[in-house]
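Report on the structure given below.
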Amino acid sequence: MDAKTAETIGLVNKVVPPDQLKATVEELAKEIMSKPPLAIKMSKYLVNLSDSVDLRTGLACEAEAAGLMASTEDYREGVNAFIEKRKPAFKGK
């Protein structure tokens, strides 16, 4: 399978020429780093967990994680930043 086909079917997010790869990766990393650290950590955990549990268990874990994330300072900061139309300042708490 070629890269363009992989992109078309959703196997990869984006295909770029080799000379643009580093800049594209750095841009994506900046975007990820702008998100709440606890939510990123939990998302990664849940993605990795999904390989080893059935659908029902996975959904239950996701529901529990959503409740936990809604109780964080970062969640409140995100909501307040949205309401106040400003960029959030996440602290990983």
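With positions in the sequence shown counted from 1, the corresponding number in my numbering is that position plus 1. Backbone N, C-alpha and C fix where the C-beta goes; we use that ideal spot for every residue, glycine too. This structure is a prediction, so every number in the text was calculated from the model and none was measured.
Could you compute how far the alpha carbon of residue i sits from the alpha carbon of residue j?
i	j	result
Gly79	Val26	25 Å
Glu63	Lys42	13 Å
Pro37	Arg87	15 Å
Ala67	Asp3	37 Å
Ala61	Ser72	17 Å
Thr58	Ala30	30 Å
Ser44	Glu65	12 Å
Ser53	Leu47	10 Å
Ala24	Glu32	12 Å
Lys92	Glu74	8 Å
Pro19	Glu28	15 Å
Glu85	Arg77	12 Å
Asn81	Ile10	37 Å
Measure the Cβ-Cβ separation of residue i and residue j and say whether it is below 7 Å.
i	j	result
Ala40	Met70	yes
Lys5	Val16	yes
Would you identify the three-state DSSP class for residue i, choosing helix, strand or coil?
i	result
Gly79	helix
Leu12	coil
Arg87	coil
Thr73	coil
Pro38	helix
Tell me the residue span of the alpha helix (DSSP H) that contains residue i.
i	result
Gly68	56 to 70
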